[in-house]
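Worksheet: the structure to be examined is printed underneath.
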Amino acid sequence: MAINRKTCLVTGCSSGGVGSALAEAFKDKGYHVFATARSPSKVPQTLHTASNVTVLALDVTSSESIAAAAEAVQKQTGGKLDVLINNAGLGLNMPGLDTPMDEARKLFDLNFFGALEMIQAFGPMLVTAKGCIVNNSSVGGLQPFPFSSMYNATKAALIIAGEAWRLEMAPLGVRVITLLAGGITTNFLANLQTPAYPEKSYYLCIKDMIEEQPAQVPFGVRPEVFAHDVLRQVEKGTTGKFWVGGGVCIARFALWLFPQSALDRISLYQKPFTKKLAEEHKKTA
Numbered sequence: 000m001a002i003n004r005k006t007c008l009v010t011g012c013s014s015g016g017v018g019s020a021l022a023e024a025f026k027d028k029g030y031h032v033f034a035t036a037r038s039p040s041k042v043p044q045t046l047h048t049a050s051n052v053t054v055l056a057l058d059v060t061s062s063e064s065i066a067a068a069a070e071a072v073q074k075q076t077g078g079k080l081d082v083l084i085n086n087a088g089l090g091l092n093m094p095g096l097d098t099p100m101d102e103a104r105k106l107f108d109l110n111f112f113g114a115l116e117m118i119q120a121f122g123p124m125l126v127t128a129k130g131c132i133v134n135n136s137s138v139g140g141l142q143p144f145p146f147s148s149m150y151n152a153t154k155a156a157l158i159i160a161g162e163a164w165r166l167e168m169a170p171l172g173v174r175v176i177t178l179l180a181g182g183i184t185t186n187f188l189a190n191l192q193t194p195a196y197p198e199k200s201y202y203l204c205i206k207d208m209i210e211e212q213p214a215q216v217p218f219g220v221r222p223e224v225f226a227h228d229v230l231r232q233v234e235k236g237t238t239g240k241f242w243v244g245g246g247v248c249i250a251r252f253a254l255w256l257f258p259q260s261a262l263d264r265i266s267l268y269q270k271p272f273t274k275k276l277a278e279e280h281k282k283t284a
């Protein structure tokens, strides 16, 4: 028998992250939630035991895994999905000159192409339900941060593509929301990938500075607060870009008001590497 309540699928629902908080918020609102993760064992037990949650294995970088999840959801819902939340993603902390190309491609496969393939696979179900797609992007997609070029590029791609998908899918009755996410107190910084540096990297002299991260996310809000803000926007019929999370009011104002040179100074204040790198380069030049 098909599920007769609203449905929501969330990718990247490992414990302690934004995905599990989103799944909890939609569950509590009465949706039937498909909480997905590459490793279902990492999904919180509260989601495993909830009567209106189905936990599914889903790797958004695998076409086979996406197809299997789509088939499972279609069988349970009768071919409809009200909300798709593309949340799965990772960061990468490394200079562009040193980033292995296979790692860069893997990041795009996860953060961008994974979202696109999910939309394609679940598109017919979303159209049938006149549903809503939520893509979790970042303010980092609007402002360059040193040593986050690949991550920021994936988020910038998701922003511009999400806005195009919004226009393309509106005539089909599907809304697209692009989250410009600010600070959230998750394990994101602790989970940043940092591949090995080449032996002749120009940046070895500041490697410690690059890899150093703040003890906590600046302006971070709790994932639960973030998730309920997103839920409200889905419920009220929002479409397009939505700024959400810690510090977004400041970021939005700064991006509107300040010239790029001032924004660069703000970024470099957080990673004041320029002088040391220039000095070390002169010694070896």
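Counting from 1, position 89 in the sequence shown corresponds to residue 88 in numbering that gives the first Met the number 0; the numbering is continuous, with no gaps.
Don't be surprised by glycine CBs; every beta carbon is placed ideally from N, CA and C.
Since the structure is predicted, the reported quantities are computational estimates derived from the model, not experimental observations.
#### Entry: Neighbour-count burial assignment, Arg-264, 16 or more Cβ in a 10 Å radius
exposed
#### Entry: Per-residue DSSP class, three states only, for Asn-110
helix
### Query
The beta strand (DSSP E) with Lys-240 in it runs from where to where?
239-243
### Anticipated Cβ contact below 8 Å, Asn-92 with Gln-192, distance rounded
7 Å
### Query
Terminal residues of the continuous alpha helix (DSSP H) containing Cys-204?
Cys-204 -> no alpha helix (DSSP H), and no H or E assigned at all.
### Task
Provide the residue(s) that pair with Ser-136 in DSSP beta bridges, ordered along the chain.
Leu-179
### Message
Between the region 48-57 and the region 27-36, can you find at least three pairs of beta-carbon atoms closer than 8 Å?
### Response
yes
### Query
Nearest CA to the CA of Lys-240: which residue from Thr-10, Phe-272 and Leu-157?
Leu-157
### Task
State the start and end residues of the unbroken alpha helix (DSSP H) segment that holds Leu-188.
Where Leu-188 is concerned, there is no enclosing alpha helix (DSSP H), given that its DSSP letter is neither H nor E.
### Task
Rounded to whole angstroms, what's the CA-CA distance from Ile-176 to Thr-238? Just pull it up for me.
5 Å
### Message
Once DSSP output is grouped into helix, strand and coil, what is the label at Val-32?
### Response
strand
### Task
Could you check how far apart the C-beta atoms of Met-124 and Gly-78 are, in whole angstroms? I think they sit under 8 Å.
6 Å
### Task
With a 10 Å radius around its C-beta and 16 neighbouring C-beta atoms as the bar for buried, classify Met-100 as buried or exposed.
exposed
#### Entry: Per DSSP, the bridge partner or partners of Asn-85
Asn-134
### Query
What number of angstroms, rounded off, separates the C-alpha of Arg-306 from the C-alpha of Phe-146?
No information on residue 306 is available, as it lies outside the stretch 0 to 284 that the chain covers here.
### DSSP-derived helix/strand/coil call for Cys-248
helix
### Task
Starting from the C-beta of Ala-189, find all residues in its chain whose C-beta is less than 7 Å away, skip the five residues before and the five after it, and write them out in chain order.
none
### Query
Between the region 14-27 and the region 97-117, do three or more beta carbon pairs fall short of 8 Å?
no
### Task
Return yes when the Cβ of Val-9 is within less than 8 Å of the Cβ of Gly-18, no when it is not.
yes
### Task
Helix, strand or coil for Thr-6, going by three-state DSSP, please let me know.
strand
### Message
If distances are taken between C-alpha atoms only, which option among Ser-13, Lys-5, Ser-40 and Gly-122 comes closest to His-31?
### Response
Lys-5
### Task
Alpha carbon to alpha carbon, how far is Tyr-150 from Ile-205? Give it in angstroms, no decimals.
20 Å
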